[in-house]
Amino acid sequence: MSNPNYGVWRPIAENVEFNALESNSLAVMAVAETVRTTLGPKGLDKLLIDQAMNRHVSNDGVTILLSLRAIHPVARMIVEIAERQEQLVGDGTTTAVVMASEMIKEGKRLIKELGVHPTKVVEGIENGVKQACKLLEKDAKKISLKDKELEQIIKTSLNSKLDGSKLSTLVIKSIRTVGENSIYDGSFDFDKSIKVIRKTNVSDMVFNGVVLERRRLDIEMPIKVTKPKIMIVKLDLKPVKESWLKENNRYEEILTMENDRLSKSKKIVDEIVSTGANTLLIASPEIDEIIENLLVSKKIYGIRISSDEIEFLSRYLGIKPVRMLDDLKGDKIVGTADNVYENEDEGLTYIENGSGKQIVSIIVSGSTKETSLERWRSAIDGVNAAEAALNKGIVAGGGAAELHVIDKLKNLRLRGLEQVGVEVVASALESIMRQILTNAGFNGLEKVMAAKASNQNIGIDIDTGDLVDMCEKGVIDPLLVKILALEAAGEISKSVLRIDRNLAAEDLSPQAVSETKR
Ligand code: ADP
Ligand code: MG
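Numbering (my numbering), first residue to last: 4 to 521.
Structure representation (structure tokens):
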């Protein structure tokens, strides 16, 4: 077999027909094994050690998956899908991986033991996932900002996290503060209105405004400006480049250039100051020392920002960044706020109550860089869970929503081999509650059977092992997280079950190349 672009492909294992599915599903199981025990509030943490021997404790599915090095190509695929899940909703990655491994285990059994053709299994899974998602959607309940469910959803999502309850207080506070101001195009988009930043050795807090991890350009600049007039500067603040000076060694030329540098710098600063701006957020790559000194002498407050920060700062202040000197004549280039100030101990700059759209910042701390990183990720997860819940509704948590879909799915009375897919999806749906309970020290299977025989929303209390209504107990999940996790699991298992051979590209040896060309 040859490929014009990549040379010659060779089978990875000798006994190809049999081994591809075996080896690929083994790889999936191995990956699933590493995260399975972290699922749910009683899930255990993993100690991650990177190449530099740094230690880091995590309970987060994606973080753990991303830390696995040199893994099987199929396992890498899972990592990618988990990553995508993380980007889409920021939660439910462990759930997706656990369900995927269950689907593959069941799917493989059907193929190997019952001789069902892989394409049939794959079609069945696709259909089963689609039906299960529809059923979950039917069971979902809409919520609004005022509902107690909003708090519960955040608490449930942070339940298994380090310091979860403290973080959920921060997240709830920030969401209630920005509230309706976060609706863009009809749905909530907290990415635009809540910024989460992390810093070691400061206090956790929610600040009604923007916090930048920046110090002012020069300590001679004012440390605080009340009622500042703020401009975002993206001008070239290095009017004469040093390299030009270095290339010239004739005295007169250097002198002309130095004069030019001085007059250009003065012009820039004068034109900026004439707009009334006294606070500059500077995104220029370089700043000439002369310009910096002129700004200091005019008591201007200046900090650097990165290009990435321009967009949200523009929105927060309701202004456009100034890219060219001509822009200074336009309107909407100077915004206001209540205060701009630097906390010198923390090295943070605060902008309070900007003149554009509302933004709230959550500052999460940690005694080490690693804990602040882990807490930072969790806070973002909480915000994402709230957003998903407000936009698409909620379902019972603890694996109950998934479990109670199974009977309905089976009642659809799908014909023939479609029923096969339902079996595969059903076992995945059951696996979530089972795993959460196993992680909590119970006999997962036995408890799941008891819950399954009960009414809608009934699950198991993970502290007592008793049957409870998960919604009444306040254990709820966003519908969107459940649906995306199920779809991701379906996608992983379909790809794995469909592969019947693993081939790897051979080196591009001269012989291989000539063979390819023939
Ligand atoms: P994931 O990476 O999939 O989000 P988590 O470790 O965050 O994994 O676990 C999420 C699961 O834990 C959800 O199914 C959620 O409903 C469940 N869960 C959270 N709190 C509880 C609780 N108190 N009792 C039972 N299940 C819970
Ligand atoms: Mg989670």
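Every residue gets a Cβ at the ideal spot worked out from N, C-alpha and C, and that includes glycine.
From a predicted model like this one, the values you see are computed outputs, not experimental measurements.
- For LYS227, no alpha helix (DSSP H) segment is defined; the enclosing uninterrupted segment is the beta strand (DSSP E) at 227-229.
- Going down the chain, each residue whose beta-carbon is closer than 7 Å to a heavy atom of the ligand MG shows up: ASP94, GLY95, THR97, SER160, SER163, ASP384.
- Just so you know, the alpha carbons of VAL65 and ASP94 end up roughly 9 Å apart.
- Sequence-distant partners of ASP464 (beyond 5 residues in either direction) whose C-beta falls short of 8 Å from its own C-beta, in its chain, are LEU470, VAL471, LYS476.
- Around the beta carbon of LYS450, 16 or more other beta carbons lie within 10 angstroms, which makes this residue buried.
- The secondary-structure analysis by DSSP pairs VAL343 across a beta bridge with VAL228, ILE354.
- At least one heavy atom of the ligand ADP is found less than 7 Å from the C-beta of VAL478.
- Taken in chain order, the complete alpha helix (DSSP H) segments of 4 or more residues contained in the segment 306-333 are 310-320.
- Take the alpha-carbon of LEU393 and the one of ASP480: they are about 11 Å apart.
- Using a Cβ distance threshold of 8 Å, VAL181 and SER163 do not count as a contacting pair.
- With a minimum length of 3 residues, the unbroken runs of beta strand (DSSP E) contained wholly in the segment 455-499 fall at 461-463, 470-472, 479-481.
- The Cβ atoms of ILE409 and LEU440 lie no closer than 8 Å to each other.
- Distances taken from the Cβ of THR41 to the heavy atoms of the ligand ADP include one shorter than 7 Å.
- With respect to the C-alpha of ASP503, the residue from GLU154, ILE175, PRO121, LYS169 having the closest C-alpha is PRO121.
- The DSSP-derived three-state label of LEU220 is coil.
- In the three-state reduction of the DSSP assignment, LEU240 falls in the strand class.
- In this structure, the CA atom of LYS360 is about 50 Å from the CA atom of VAL124.
- Across the structure, PHE191 and GLU490 are spaced so that their CA atoms are roughly 23 Å apart.
- Just measuring C-alpha positions, the residue of VAL325, SER268, PRO324, ALA389 sitting nearest THR172 is ALA389.
- Between the alpha carbons of THR259 and GLU250 lies a distance of about 14 Å.
- Listed as beta-bridge partners of PHE191 by DSSP are ILE186.
- It is roughly 50 Å from the alpha-carbon of VAL214 to the alpha-carbon of VAL425.
- ALA429: not part of any beta strand (DSSP E); member of the alpha helix (DSSP H) spanning 421-442, first to last residue.
- Distances from the CB of PRO481 to the heavy atoms of the ligand ADP are all 7 Å or more.
- In the DSSP secondary-structure assignment, ILE200 is bridged to ILE366.
- Residue pairing for LEU412: DSSP places it in no beta bridge.
- In this structure, the ligand ADP has a non-hydrogen atom nearer than 7 Å to the beta-carbon of GLY402.
- Distances from the alpha-carbon of VAL209 to those of SER268, SER26, ALA382, SER434 put ALA382 closest.
- Leaving aside the five residues that flank ILE486 on each side, the residues in its chain whose CB is nearer than 7 Å to its CB run, in chain order, CYS136, LEU139.
- Residues of the same chain with a CB within less than 7 Å of the CB of SER375, apart from the 5 flanking positions on each side, are ARG201, LYS202, THR203, VAL367, SER368, GLY369 in chain order.
- The segment 319-333 makes contact with the segment 267-281, as at least three CB pairs between them are under 8 Å.
- Rounded to the nearest angstrom, the gap between the Cα atoms of ASN356 and SER185 is 15 Å.
- For PRO44, the CB falls within less than 7 Å of some heavy atom of the ligand ADP.
- Of all alpha-carbon atoms in LYS269, LYS270, VAL243, the one lying nearest the alpha-carbon of ILE257 is that of VAL243.
- If you look at ALA399, you'll find it in the beta strand (DSSP E) that goes 397-399.
- Per DSSP, THR122 lies in no beta strand (DSSP E) segment; the continuous alpha helix (DSSP H) that holds it begins and ends at 121-142.
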